[in-house]
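Colleague: Residue numbers (the working numbering): 2 to 443. Would you mind keeping the following structure in view while I ask a few things?
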Ligand code: AMP
Ligand code: GLY
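Structure representation (structure tokens):
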């Protein structure tokens with residue numbers, strides 16, 4: 002039986018644990034918080050940081066007691082966790098540092114696309130001096146987006162018209178990114194603002210071949226109607242035909258081609274990328290464009306695709322490690338994920354350390370799945386942290402049914418929590434279809 006080291010304690014990692022378990026693996030988990038779902042599925046676990054220093058000293062790693070490792074979140078990948086584990090003889094489903102940089106530096110990602118003339122590219126400009134960025138923006142007359150070059154969990158990006166109104170406010174924030182080193186480095190990217198609908202395409206890859214997953218649409222804004230601050234994602238949906246209601250098969254193929262080209266470009270530069278690649282796209286009037294590339298599954302998106310994965314996840318993992326990628330097959334089902342978060346999530350003061358009551362049995366009876374995220378289990382009770390608490394997933398033959406299942410499951414969670422009820426509702430989907438039609442001028 003395969004022994005697998007799993008790093009991470011979010012909803013995404015609970016879904017990964019579930020898929021590994023279904024594939025017949027024994028799980029050894031390292032979790033920053035005690036996620037009760039992962040704990041239950043694991044042979045053994047430790048609660049501790051996902052730092053190289055901590056993981057290196059674990060007996061599982063020191064004495065090579067696991068067959069391979071799956072790394073959930075981006076930070077350890079970007080810091081070189083895969084390199085450390087592989088140097089100790091433990092293969093990893095996840096890129097090494099020289100390839101994880103595709104998420105670690107938005108500047109690297111944009112430069113790579115430009116250098117290799119990869120489609121889906123947008124105009125961008127990078128600065129490390131507050132006066133230079135001010136000078137540039139004063140004469141820039143298109144709507145723009147301000148992004149720290151480093152990683153901010155999707156929370157450091159400010160879009161004109163959404164997060165700030167005037168050019169002056171944009172300039173002020175761009176200077177702040179440099180001066181306060183937001184994202185860890187004192188560099189800022191200014192990008193042309195794209196208009197359209199966002200979607201996620203995740204692929205498995207061994208560095209050469211790709212196997213695509215169903216498309217997912219994720220909702221980053223904290224409040225209903227896509228208002229409020231950007232978050233890690235409040236929920237998401239996917240469709241039974243693995244497309245989205247506003248995307249054609251050709252656009253899916255185009256998006257796959259962009260990821261293929263990125264993986265090939267990385268390989269040409271001696272950066273073999275293996276694991277999961279996540280493309281965040283914007284479907285514009287001119288077609289699919291890249292917003293960002295992530296070096297891992299999305300969260301919540303992992304919870305849309307992994308429960309409907311028909312192929313054994315452990316087999317996929319080995320095929321990635323051995324460079325002989327197999328094709329991943331998925332059920333023809335629609336999925337809806339809704340996150341439950343602490344009240345005030347997305348603001349500086351979320352309701353942390355509050356008890357959440359979860360009726361697991363009733364959720365199961367509604368036909369929904371439950372994935373725990375950033376909660377702490379202490380003395381048989383579940384407490385909120387400052388981050389997303391748990392997610393419910395509805396799976397059905399169509400979106401309407403899947404949405405209902407997820408919504409019904411939410412009735413069995415209580416406490417000082419908040420959730421978006423509008424995600425994947427009919428009116429919302431119709432509005433998206435209308436918006437894309439208008440943009441395309443049809
Ligand atoms: P990111 O962290 O790069 O995914 O950005 C967070 C969010 O900001 C994205 O999900 C988009 O909604 C928005 N965003 C980022 N870049 C752009 C862009 N060039 N044009 C329009 N919106 C963007
Ligand atoms: N759902 C956004 C992310 O995982 O980055």
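Built from N, CA and C at the ideal position, the CB exists for glycine as well. This one's a predicted model, so the numbers in the text were calculated from it and none came from an experiment.
1) Taking residue 138 as the reference, give the member of 57, 3, 71 and 161 with the closest Cα.
2) Tell me whether residue 230 counts as near the ligand GLY, meaning its Cβ is closer than 8 Å to at least one heavy atom of that ligand.
3) Quick check: residue 107 and residue 197, are their CB atoms within less than 9 Å of each other?
4) Could you pull the start and end residues of the alpha helix (DSSP H) that residue 327 belongs to?
5) Using the Cα positions of residue 129 and residue 41, report the straight-line distance between them to the nearest angstrom.
6) Please indicate yes or no: does the CB of residue 254 lie closer than 8 Å to some heavy atom of the ligand AMP?
7) With DSSP run on the structure shown, which of helix, strand or coil describes residue 432?
8) Among residues of its own chain, excluding the 5 on either side of residue 123, which ones have a beta-carbon nearer than 7 Å to its beta-carbon?
9) Within the stretch 373 to 399, note down every full beta strand (DSSP E) run reaching 3 residues or more, in order along the chain.
10) Anyone know if the C-beta pair for residue 89 and residue 48 falls short of 9 Å?
11) Alpha carbon to alpha carbon, how far is residue 352 from residue 265? Give it in angstroms, no decimals.
12) Could you give the DSSP three-state label for residue 37: helix, strand or coil?
13) Can you determine whether any heavy atom of the ligand AMP sits closer than 8 Å to the C-beta of residue 183, and answer yes or no?
14) Check whether the Cβ of residue 14 sits closer than 8 Å to any heavy atom of the ligand GDP, and report yes or no.
15) Near residue 426, what residues of its chain come up, given a Cβ to Cβ distance below 6 Å and the 5 sequence neighbours on each side ignored?
16) Out of 297, 240 and 308, point me to the one whose CA is closest to residue 430's CA.
17) State the DSSP-derived secondary structure class of residue 316, mapped to helix, strand or coil.
18) Report the three-state DSSP secondary structure of residue 159 (helix, strand or coil).
19) Hey, could you find the ends of the beta strand (DSSP E) residue 70 is sitting in?
20) Give the straight-line distance between the Cα atoms of residue 15 and residue 157, rounded to the nearest whole angstrom.
21) To the nearest angstrom, how far is the alpha carbon of residue 285 from that of residue 438?
22) Can you give me the start and stop residues for the beta strand (DSSP E) that residue 237 sits inside?
23) So, helix, strand or coil for residue 456, using DSSP?
24) Pick out every residue whose C-beta is nearer than 5 Å to a heavy atom of the ligand GLY: which are they, in chain order?
25) Just the C-alpha distance for residue 404 and residue 246, rounded to the nearest angstrom, thanks.
Modeller: Reading from the atomic positions:
1) What you label residue 138 is simply residue 137 of the chain shown in a count that begins at 1. Selected option, being the one with the closest Cα: 161.
2) For the purposes of this step, residue 230 is taken as the residue at position 229 of the chain shown. Checking every heavy atom of the ligand GLY against the Cβ of residue 230, none is found closer than 8 Å.
3) For this step, residue 107 is matched to residue 106 along the chain shown. For this step, residue 197 is matched to residue 196 along the chain shown. Pairing residue 107 with residue 197 gives a Cβ-Cβ distance that is not under 9 Å.
4) Here residue 327 refers to the residue found at position 326 of the chain shown. Looking at the DSSP string, residue 327 is not in any alpha helix (DSSP H), and its letter there is neither H nor E.
5) Within the chain shown, numbered from 1, the residue matching residue 129 stands at position 128. Within the chain shown, numbered from 1, the residue matching residue 41 stands at position 40. Straight-line Cα distance between these residues: approximately 47 Å.
6) Along the chain shown, read from residue 1 onward, the residue named residue 254 stands at position 253. Flag unset: Cβ of residue 254 not near the ligand AMP.
7) Numbered from 1 along the chain shown, position 431 holds the residue referred to as residue 432. In the structure shown, residue 432 falls within a helical segment according to DSSP collapsed to helix, strand and coil.
8) In the chain shown, counting from the first residue as 1, residue 123 sits at position 122. For residue 123, where only same-chain residues beyond five positions count, the Cβ hits under 7 Å are 192, 193, 195 and 290.
9) Counting only unbroken stretches of 3 or more residues, the beta strand (DSSP E) elements lying wholly within the stretch 373 to 399 are 376 to 379, 382 to 385 and 391 to 397, in sequence order.
10) In the chain shown, residue 89 corresponds to position 88, counting from 1. In the chain shown, residue 48 corresponds to position 47, counting from 1. Their beta carbons are not under 9 Å apart, which means residue 89 does not touch residue 48 by this criterion.
11) Translated into positions along the chain shown, residue 265 becomes position 264. Translated into positions along the chain shown, residue 352 becomes position 351. A direct Cα-to-Cα measurement between residue 265 and residue 352 gives close to 45 Å.
12) Within the chain shown, numbered from 1, the residue matching residue 37 stands at position 36. Helix.
13) As a first step, residue 183 is located in the chain shown; it is residue number 182 there, counting from the start. Answer for residue 183: no, Cβ out of range of the ligand AMP.
14) This structure simply doesn't include the ligand GDP; it includes the ligand AMP and the ligand GLY instead.
15) Your numbering for residue 426 matches position 425 in the chain shown. Closer than 6 Å at the Cβ level, and outside the excluded window around residue 426, lies no residue.
16) As a working note, residue 430 is residue 429 in the chain shown. The shortest Cα separation from residue 430 among 297, 240 and 308 belongs to 240.
17) As a working mapping, residue 316 is identified with position 315 in the chain shown. It is helical.
18) Within the chain shown, residue 159 is the residue found at index 158, counting from 1. Reduced to three states, the DSSP call for residue 159 is strand.
19) Walking along the chain shown from the start, residue 70 turns up at place 69. Here the beta strand (DSSP E) through residue 70 covers 69 to 72.
20) As a first step, residue 15 must be located in the chain shown, where it is residue number 14. As a first step, residue 157 must be located in the chain shown, where it is residue number 156. Straight-line spacing of the CA atoms in residue 15 and residue 157 works out to 26 Å.
21) Here residue 285 refers to the residue found at position 284 when the chain shown is read from its first residue. Here residue 438 refers to the residue found at position 437 when the chain shown is read from its first residue. Straight through space, the alpha carbons of residue 438 and residue 285 are spaced by roughly 11 Å.
22) Mapped onto the chain shown, residue 237 falls at position 236. DSSP places residue 237 inside the beta strand (DSSP E), whose first and last residues are 236 to 239.
23) Missing from the structure shown is residue 456; the chain here goes from 2 to 443 and no further.
24) Sorted by chain position, residues whose beta-carbon lies closer than 5 Å to a non-hydrogen atom of the ligand GLY are 219, 234, 299 and 300.
25) Taking the first residue of the chain shown as position 1, residue 404 is located at position 403. Taking the first residue of the chain shown as position 1, residue 246 is located at position 245. Straight-line Cα distance between these residues: approximately 15 Å.
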